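Data block below; observations after.
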Amino acid sequence: MNQHNNQQLNQHNNQQLNQQNNQQLNQQQRLEQQQYLEQLQQQNNILNNSVSDEHKNQIELLCDMGYDRKDVEKALRAAYWDPNRAVEYLLSGIPINIENELKQDLMYNQLLNQHLNNQQIGGGNEHANQGGLRMPGSSSNVG
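Quick note: the sequence shown uses this note's numbering, first residue 129, plus one each step.
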């Protein structure tokens, strides 16, 4: 009988240890997800707010030359804010490979904005992981 009680006590202790380990693991995963989302938010802020005063001046200068503002912004982004190259792009067109990169960046930013908005609205519901962004080096989704 005493041996049976010891086995039950050991099983109970093992269950408690497993629960504590799972809780710690879940806390660690939530912390990693939060850190990852913060990194994404910082990257997104940098991308969205990348029009500095200097860039605004470059945009105005090229618009004053008679170019459309949207075209100027696109050319400057494609030229990595080099105004001379941007003028070349405005005159001769943006090379297709750079055009494709711009489209990919735009799609990435839109997906990132959508994901971050869902995180803020959903409050990081752990069961809303389906379809989330995959963390680099991880098999779990962020969502």
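Positions of the beta carbon are idealized from the N, C-alpha and C atoms, including for glycine. All values derive from a computational prediction rather than experimental measurement.
Where residue i sits in the DSSP three-state scheme
i	result
Y195	coil
D181	helix
I222	coil
S266	Residue confidence is low: S266 scores 45 on pLDDT, short of 50, so the model does not pin down where it sits. Its coordinate-derived value is still stated next. Of the three classes helix, strand and coil, the one that applies to S266 here is coil, per DSSP.
A207	coil
Buried versus exposed, by CB contacts within 10 Å (16 or more), residue i
i	result
I224	exposed
N133	exposed
Q152	exposed
Y217	buried
P148	The displayed chain sequence assigns Gln, not Pro, to residue 148. Classification of Q148: exposed, given that the 10 Å Cβ count is below 16.
Q163	exposed
Q161	buried
Residues near residue i in its chain [Cβ-Cβ closer than 7 Å; skip 5 each side]
i	result
N146	none
Y195	L218
Nearest residue (CA-CA) to residue i, options the options
i	options	result
M193	R205, A206, S180, P211	P211
D199	L137, N141, S220	S220
E182	N246, H140, L204, I222	L204
S180	Y164, E201, Q163	E201
Q247	L165, R213, Q232, W209	L165
L230	N154, Q135, A207	A207
Chain-order list of residues whose beta-carbon lies under 8 Å from that of residue i (same chain, five-residue window excluded)
i	result
R197	I187, C191
Residue-level contact to chain C via CB, residue i, 8 Å cutoff
i	result
M235	The question asks about chain C, but that chain is absent: this structure has only one protein chain.
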